[in-house]
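Input: a single structure, listed below in structure tokens.
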Amino acid sequence: MITVENIAVEFSGTTLFSDVSFVINPTDKIALMGKNGAGKSTMMKIIAGKQKPTRGHVRTPGETVIAYLPQHLLTEDDCTVFEETAKAFKHVTSMKKEMDELNEALTTRTDYESAEYMAIIERVTDLGEKFYALEEVNYDAEVEKALKGLGFKQEDFTRQTSEFSGGWRMRIELAKILLQKPDLILLDEPTNHIDIESVIWLEDFLVNKADAVMVISHDKAFIDNITNRTIEVTMGQIHDYKATYSHYLVLRADRRSHQIKAYQEQQKFIADTKAFIERFKGTYSKTNQVNSREKMLEKLQLIEIDEVDTSALKLRFPPSPRSGDYPVTVKDVSKSYGDHVVFKDANMSIARGEKVSFVGRNGEGKSTMIKAILNEIEVEGNCQLGHNVKVGYFAQNQAALLDNDLTIWQTVDEVAEGDVRTQLKNILGRFMFSGDDLEKKVGVLSGGEKTRLAMVKLLLEPVNLLILDEPTNHLDIRSKDVLKEALSTYDGTLILVSHDRDFLQGLSEKVFEFKDQRVIEHFETIDAFLERNRIKNIADINLMG
Numbered sequence: 002m003i004t005v006e007n008i009a010v011e012f013s014g015t016t017l018f019s020d021v022s023f024v025i026n027p028t029d030k031i032a033l034m035g036k037n038g039a040g041k042s043t044m045m046k047i048i049a050g051k052q053k054p055t056r057g058h059v060r061t062p063g064e065t066v067i068a069y070l071p072q073h074l075l076t077e078d079d080c081t082v083f084e085e086t087a088k089a090f091k092h093v094t095s096m097k098k099e100m101d102e103l104n105e106a107l108t109t110r111t112d113y114e115s116a117e118y119m120a121i122i123e124r125v126t127d128l129g130e131k132f133y134a135l136e137e138v139n140y141d142a143e144v145e146k147a148l149k150g151l152g153f154k155q156e157d158f159t160r161q162t163s164e165f166s167g168g169w170r171m172r173i174e175l176a177k178i179l180l181q182k183p184d185l186i187l188l189d190e191p192t193n194h195i196d197i198e199s200v201i202w203l204e205d206f207l208v209n210k211a212d213a214v215m216v217i218s219h220d221k222a223f224i225d226n227i228t229n230r231t232i233e234v235t236m237g238q239i240h241d242y243k244a245t246y247s248h249y250l251v252l253r254a255d256r257r258s259h260q261i262k263a264y265q266e267q268q269k270f271i272a273d274t275k276a277f278i279e280r281f282k283g284t285y286s287k288t289n290q291v292n293s294r295e296k297m298l299e300k301l302q303l304i305e306i307d308e309v310d311t312s313a314l315k316l317r318f319p320p321s322p323r324s325g326d327y328p329v330t331v332k333d334v335s336k337s338y339g340d341h342v343v344f345k346d347a348n349m350s351i352a353r354g355e356k357v358s359f360v361g362r363n364g365e366g367k368s369t370m371i372k373a374i375l376n377e378i379e380v381e382g383n384c385q386l387g388h389n390v391k392v393g394y395f396a397q398n399q400a401a402l403l404d405n406d407l408t409i410w411q412t413v414d415e416v417a418e419g420d421v422r423t424q425l426k427n428i429l430g431r432f433m434f435s436g437d438d439l440e441k442k443v444g445v446l447s448g449g450e451k452t453r454l455a456m457v458k459l460l461l462e463p464v465n466l467l468i469l470d471e472p473t474n475h476l477d478i479r480s481k482d483v484l485k486e487a488l489s490t491y492d493g494t495l496i497l498v499s500h501d502r503d504f505l506q507g508l509s510e511k512v513f514e515f516k517d518q519r520v521i522e523h524f525e526t527i528d529a530f531l532e533r534n535r536i537k538n539i540a541d542i543n544l545m546g
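Counting in my numbering, the sequence shown runs from 2 upward without gaps.
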């Protein structure tokens, strides 16, 4: 049991949170929620021992193992994927190495009665008891199972970690954490860089094989599937719910409605009391009552209402100019890089107004196909855009394409047309840009802020073919809800690539699956496809043991 006692964090005269206390029990699966900037990641770093609070303590039993996966990693690239992942068991190999060295020393020493000799025997005995008490495990097999579950192929095991992107290195670190079998796993946005199949694998592991878990995530389906408790960080305090995220939302709305009612009643009481004081101030017969009520107001603890959720604001894409009947046509398209075949003989026709999803494991060719459609790469076969197609494209690196010299306001002001211009500040506010932020230069924004700004810009442009490649990685839940609402009413053609199942559901009526160098067309909704494959993938996971 891990105890957080009266934690407070203050910096530059600002209090992030104060006097926060809670207990993490051995089987708790906790969603740590709150708006961006509320202090979720800070709280997680404190529990992980990576940051010290201004006041308070985190108390853990002596043998407790806490594993922490941050949003951003600083990794060393001096070994293979398999070797790096096997470092999860370095405590076992270090123990075995020390035992061997000590046993070797015992065979060469002759000072049998000395204190040093007896100390070596005691150390060997202590290590032996711990080592031989460990469960007999085939460590190589465990490493292989974890890596494959997280999307690595057998041939990847011997490649240098330096050959992989940051997202794939994040998976290696995640594999190491899972293999350590810690008492508490802390995960800060773990699904941002993994595909749907790997997310399903991770869910199954966390639910069925992990002990305590605390997770920060904007993936609603993920946190609903793995958590049984929700801790909300808000206005410097926490609210602790023994409930899944979806149930927490209901309870939170109920709490806020009670807060509003209590706040209104208190404001009426304050107004009535002040009116009494003003009326009878200076009246001798009422002096004691006036003084009593003045003291009562001074001591009164004011009721605060949680931050307002402005998710009721609805956004729509501008009306789409009419395109030809088939905005996208792909005939017998193949793409290879050297000996590596990405896909071959792919065919697809996407009709005007159709909403389709590209799904499949990372590396199977989804983004490559998008680049082929946009004529950004050369391929065998024919990719053709239809008559009068105007493309709006959100790439995974979209943030890098913004003009760093413009302000946030200038970035959106130059593309907005018509009535939407009157809503620009509200729209920016929904994506967490307001006040003085609007005058910031794009160049000083973080990667996440740039991604959100690029999404706002895309929402304002009149296009009839919208291609979104992993648009939700840096969006919080409210921003994703705004985008999903806008996409559901979008009247153009949509191609969507995303690993976020909650975001995908209800958005497309056809699925193109990228798998084993093929592109397979499924005439079913994304919901039906995901459910069918969820059952299949979980069956595969169970076969893995």
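The beta carbon of each residue, even a glycine, is placed where N, CA and C say it ideally should be.
Would residue i and residue j be called neighbours here (beta carbons separated by less than 8 Å)?
{"i": "PRO328", "j": "ARG353", "result": "yes"}
{"i": "ILE351", "j": "ILE232", "result": "no"}
{"i": "ILE25", "j": "ALA211", "result": "no"}
{"i": "PHE223", "j": "THR245", "result": "no"}
{"i": "GLY40", "j": "LEU17", "result": "yes"}
{"i": "ARG170", "j": "THR159", "result": "no"}
{"i": "ILE122", "j": "ALA106", "result": "no"}
{"i": "LEU151", "j": "LYS30", "result": "no"}
{"i": "ILE217", "j": "MET2", "result": "no"}
{"i": "GLY35", "j": "THR228", "result": "no"}
{"i": "VAL390", "j": "SER324", "result": "yes"}
{"i": "ALA455", "j": "LEU375", "result": "no"}
{"i": "ILE197", "j": "LEU203", "result": "no"}
{"i": "VAL125", "j": "ALA87", "result": "no"}
{"i": "THR494", "j": "LEU466", "result": "yes"}
Let me confirm a value: residue i is counted as buried when at least 16 other C-beta atoms fall within 10 Å, else exposed. Which label applies?
{"i": "PRO472", "result": "buried"}
{"i": "HIS92", "result": "exposed"}
{"i": "GLN399", "result": "buried"}
{"i": "GLY339", "result": "exposed"}
{"i": "LYS177", "result": "buried"}
{"i": "THR108", "result": "exposed"}
{"i": "HIS500", "result": "buried"}
{"i": "SER509", "result": "buried"}
{"i": "THR15", "result": "exposed"}
{"i": "ASP517", "result": "exposed"}
{"i": "THR490", "result": "exposed"}
{"i": "ASP326", "result": "exposed"}
Quick check on residue i: does DSSP put it in helix, strand or coil?
{"i": "GLY430", "result": "helix"}
{"i": "ALA211", "result": "coil"}
{"i": "LYS511", "result": "strand"}
{"i": "ASP346", "result": "strand"}
{"i": "MET2", "result": "coil"}
{"i": "THR16", "result": "strand"}
{"i": "THR452", "result": "helix"}
{"i": "SER337", "result": "strand"}
{"i": "HIS194", "result": "coil"}
{"i": "THR109", "result": "helix"}
{"i": "SER312", "result": "Unreliable placement is indicated for SER312, whose pLDDT of 41 sits below 50; the coordinate value is still reported in the next sentence. SER312: coil per DSSP, three-state reduction."}
{"i": "PHE153", "result": "coil"}
{"i": "ALA396", "result": "coil"}
{"i": "SER22", "result": "strand"}
{"i": "ILE186", "result": "strand"}
{"i": "GLY57", "result": "strand"}
{"i": "VAL10", "result": "strand"}
{"i": "TYR327", "result": "coil"}
{"i": "ASN383", "result": "strand"}
{"i": "THR126", "result": "helix"}
{"i": "PHE359", "result": "strand"}
Grab me the residues of residue i's own chain with a C-beta within less than 8 Å of its C-beta, minus the 5 sequence neighbours each way, in chain order.
{"i": "GLU295", "result": "ILE278"}
{"i": "ILE306", "result": "ARG257, GLN260, ILE261 and TYR264"}
{"i": "PRO54", "result": "ILE8, ALA9, VAL10 and ILE47"}
{"i": "GLU6", "result": "SER22, GLY57, HIS58, VAL59 and ARG60"}
{"i": "LYS97", "result": "PHE132"}
Among residues of its own chain, excluding the 5 on either side of residue i, which ones have a beta-carbon nearer than 6 Å to its beta-carbon?
{"i": "PHE395", "result": "LEU459, LEU469 and PRO472"}
{"i": "VAL520", "result": "PHE344, ALA347 and PHE513"}
{"i": "GLN385", "result": "THR330"}
{"i": "ALA313", "result": "Bear in mind that a pLDDT of 43 at ALA313, under 50, signals an unreliable position, so the number given afterwards is only what the model happens to contain. No residues qualify anywhere along the chain."}
Which same chain residues end up closer than 7 Å to residue i when comparing Cβ atoms and leaving out the 5 residues on each side of it in sequence?
{"i": "LYS481", "result": "HIS219, THR473 and PHE504"}
{"i": "VAL457", "result": "VAL413, ILE428, LEU429 and PHE432"}
{"i": "LYS332", "result": "ASN348, GLY382 and ASN383"}
{"i": "ILE478", "result": "HIS219 and LYS221"}
{"i": "ASN543", "result": "Confidence at ASN543 is low in this model, with a pLDDT of 39, below 50, so its placement is unreliable and no value can be given for it."}
Please list the segments of the beta strand (DSSP E) lying wholly inside the segment 221 to 299, counting only runs of 3 or more residues, in order along the chain. 230 to 235 and 238 to 242
What are the start and end residues of each continuous alpha helix (DSSP H) run of 4 or more residues lying completely inside the segment 463 to 525, in chain order? 478 to 489 and 502 to 505
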